[in-house]
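Residue numbers (UniProt numbering): 1 to 400.
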Ligand SMILES: Cc1ncc(COP(=O)(O)O)c(C=O)c1O
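Right under this line is the structure:
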């Protein structure tokens, strides 16, 4: 009898974390490595939020809280949904977990039975398919190539739905492509979903505030109120307020689902960190300048990276609407050989050779379910980005 479960054997460790770890190992050996592989803002948490965390410790907010979040944080989350998304959720419709990741995990674990299908547009955030598998479900990935803006079309959605479909996972703006759905594109999808009452929507809105060029973020429950009783609207403070380490995410949806997720959390992690909850409340209710300021910085970096990558021979980099990623194609480099002698026969070979030969860490597209691409996270300084783009250009110029 195997000691490790068969279920775990089907799950892969996160390739983004693997790449970041390898980059850190090379840096520890003394090499000058530029890591464009991590998915977190490079800024510090804004001062008033840090102060709220310190004040929480001093005020003795150091004990267990209600399992899925304090009443006051749930009120702050409900107020955020009303203020920013026009969504009317009662605080009792809200659940808070240790990161958006736990909210997604809870939702899938609480609802999937063996063989239930979950539609995941590809490229996708690396954790979705593995979480579905862990919960006993079947990930149904739908290719969404660059030619369609990396977006799911209503026709492809319709074709992917079966009587076993339980969820559609939507992520706008997207990790890894930065693609966002505008209102018309979102409505085209919600129109399809209205015809399939067995399908619920898990809307991962974690990059909501990182949108550029005046792009207006929308979320499915707002666009189609008739769907609201089968939507879980998920969000968190990690990316919007540079709080990845604090581990606070939240979701809102129908009470029966929210209660089931809380039951699961009560038997796994219990409440998210009490101190972090106070800090997250300060983030949601305090001044919002950080959001505007960081958005301007990320838009400038996006432009720097897109322009720089499009000047590299063999790279084609679309302009994304949001998040802090670009997802360029290397189709024109497949079949070439790098200066260091690596045959570029896949995006994985490209990413490994780029790291070995130029010390730039990116994540290969196969990890996100759509090749031949690579993901660049531009959540690093302008100076490092400029240097990284120069190295990538030299690498590409050497491929023939
Ligand atoms: C698309 C997406 N969803 C959810 C998360 C989870 O964020 P957290 O658990 O830090 O809230 C991430 C983090 O990388 C992400 O990229």
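Here a beta-carbon is modelled for each residue, glycine too, at the ideal position from N, C-alpha and C.
Collapsing the DSSP output to three states places residue 216 in coil.
Under the three-state reduction of DSSP, residue 90 is assigned to coil, being neither helix nor strand. Restricting attention to 358, 87, 148, the CA atom closest to the CA of residue 221 is found in 87. Judged by DSSP in its simplified three-state form, residue 315 adopts coil rather than helix or strand. According to the DSSP assignment, residue 291 belongs to the alpha helix (DSSP H) that extends over 289-310. Contact between residue 392 and residue 312 holds, with the beta-carbon distance rounding to 6 Å and staying under 8 Å.
Counting C-beta atoms within 10 angstroms of its own C-beta, residue 64 has fewer than 16 neighbours from the protein chains shown and is therefore classed as exposed. Residue 258 sits away from residue 70, with the two beta carbons spaced by 7 Å or more. With 16 or more neighbouring CB atoms inside 10 Å of its own CB, residue 23 falls in the buried class.
Taking 7 Å as the cut-off, the beta carbon of residue 192 is found closer than this to the beta carbon of residue 157. For ligand 1, a non-hydrogen atom lies closer than 6 Å to the CB of residue 171. Closest in alpha carbon position to residue 105, among 250, 375, 47, is 250.
In summary, residue 358 is buried, with 16 or more beta-carbon neighbours lying within 10 Å of its beta-carbon over all protein chains present. If you check the CB distance, residue 377 and residue 36 come in under 7 Å. Looking only at 372, 74, 110, the smallest Cα-Cα distance to residue 236 is reached by 74. In chain order, the residues positioned with their C-beta nearer than 6 Å to some heavy atom of ligand 1 are 39, 99, 100, 101, 125, 171, 175, 204, 206, 236, 238, 244, 249.
For residue 250, the uninterrupted beta strand (DSSP E) run begins and ends at 249-252, by DSSP.
Between the alpha carbons of residue 189 and residue 306 lies a distance of about 29 Å. Under DSSP, residue 104 forms no beta bridge with any residue.
Residue range 231-236 is occupied by the beta strand (DSSP E) that includes residue 232. In the DSSP assignment, residue 117 falls outside any alpha helix (DSSP H) and lies within the beta strand (DSSP E) extending over 117-122. Secondary structure of residue 167 (DSSP, three-state): strand. For residue 175, the closest alpha carbon among the candidates 397, 322, 348, 101 is that of 322. DSSP places residue 143 in the strand class (E or B) of the three-state scheme. Straight through space, the alpha carbons of residue 206 and residue 170 are spaced by roughly 11 Å.
Look at residue 325 here: in three-state DSSP terms it is strand. Residue pairing for residue 204: DSSP places it in a beta bridge opposite 171, 234. When C-beta atoms of the region 231-246 are compared with those of the region 271-283, three or more pairs fall below 8 Å, so the two segments count as touching.
According to DSSP, residue 374 shares a beta bridge with 364. Secondary-structure assignment with DSSP links residue 97 through a beta bridge to 249. Rounded to whole angstroms, the separation of the alpha carbons of residue 379 and residue 245 is 15 Å. Taking a contact to require three or more Cβ pairs closer than 8 Å, the region 209-218 and the region 291-306 qualify as touching.
If you ignore the 5 residues before and after residue 331, its C-beta comes within less than 6 Å of the C-beta of 372, all in its own chain and listed in chain order. Under the three-state reduction of DSSP, residue 2 is assigned to coil, being neither helix nor strand. Cα atoms of residue 89 and residue 328: separation of roughly 38 Å, rounded to the nearest angstrom. Remark: C-beta atoms of residue 11 and residue 130 approach each other more closely than 7 Å.
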